[in-house]
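The sequence shown begins at 3 in the working numbering and counts up by one. Even glycine gets a Cβ: it sits at the ideal position worked out from N, Cα and C. For reference, the structure is listed below as structure tokens.
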Amino acid sequence: DFLKGARHAVWLVAGLWLAISCFALLWRTYVTPIYKADALFHHARKLADAGQKEEAIARLRRLVELRPKHTVAHHGLGKLYNARGLHAAALLELRQAAELDPEDFFTRRQLAGACVELGRPLEAIAEAERARAIEPFEPSIYIDLAQYRVAAGQPDLALRNLERAAELGYDDLAELESFPLLAPLRQTERYRRVAEIVAGRGRP
């Protein structure tokens, strides 16, 4: 009886040790990387908010190494690269984000912005049109489209986009006047009419 009890205790301890080992392995394999990735992302966001963009980029690059399909990390990298003027790098990251989440409006807008900065206005229009299909009643996307159409040599379509933005309630005249790509339209009657509509709804 004593030997049976001893053997039973040994098997019990061995089984317990095996269960603990399996749990530890699963924790290290699946749970720890998630916590580490979340910590990296939140740290990167704090750094970006504090204006420490290089440090934020470094954290996000580490994050995409850990989790290559982390959509928000790719988007964040693309946004930071765009802000730094690194538009080719931004394009690569934003394309990855768009592949992972094709219906993300903000990724499509950032992609369009990177394209126009790289001298690819037709690609910018295509991406902005995808964004418009996702959020067809968002006035700002029509302002984006107007700029890209001017860059592509399509002033009439650009004016139509501005008119549509005004119809949808766009109301920031100071912002409208700040876009350099819209400069060729500012002497037209249609632009002035849009500006009057926007000014009538202007923010205080």
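### Task
In angstroms with no decimal places, state the Cα-to-Cα distance between G121 and A114.
Taking the straight line from one Cα to the other gives about 11 Å.
### Message
Just to check my reading of the structure: L102 and K71 have Cβ atoms closer than 8 Å, yes? What is that Cβ distance to the nearest angstrom?
### Response
6 Å
### Query
Who are the Cβ neighbours of Q156 in its own chain at under 6 Å, not counting the five residues just before and after it?
none
### Query
Under 7 Å between the Cβ atoms of L49 and A41?
Cβ distance not < 7 Å, so L49 and A41 don't count as in contact.
### Top-ranked residue by Cα proximity to F139, from A168, H76, V196 and L88
A168
### Message
Quick check on DSSP: helix, strand or coil for P157?
### Response
helix
### Query
To the nearest angstrom, how far is it from the Cα of Y193 to the Cα of F107?
26 Å
### Query
What's the gap between the Cα of R166 and the Cα of Y144?
7 Å
### Through-space distance from A185 to A135, alpha-carbon basis
In a straight line, the C-alpha of A135 is about 27 Å away from that of A185.
### Query
With a CB to CB cut of under 6 Å and the five nearest residues on each side skipped, what residues in its chain are close to H77?
A99 and T109
### Query
By Cβ distance, which residues of its chain are closer than 6 Å to K81, with the 5 residues on each side in sequence left out?
Answer for K81: Q112, listed in chain order.
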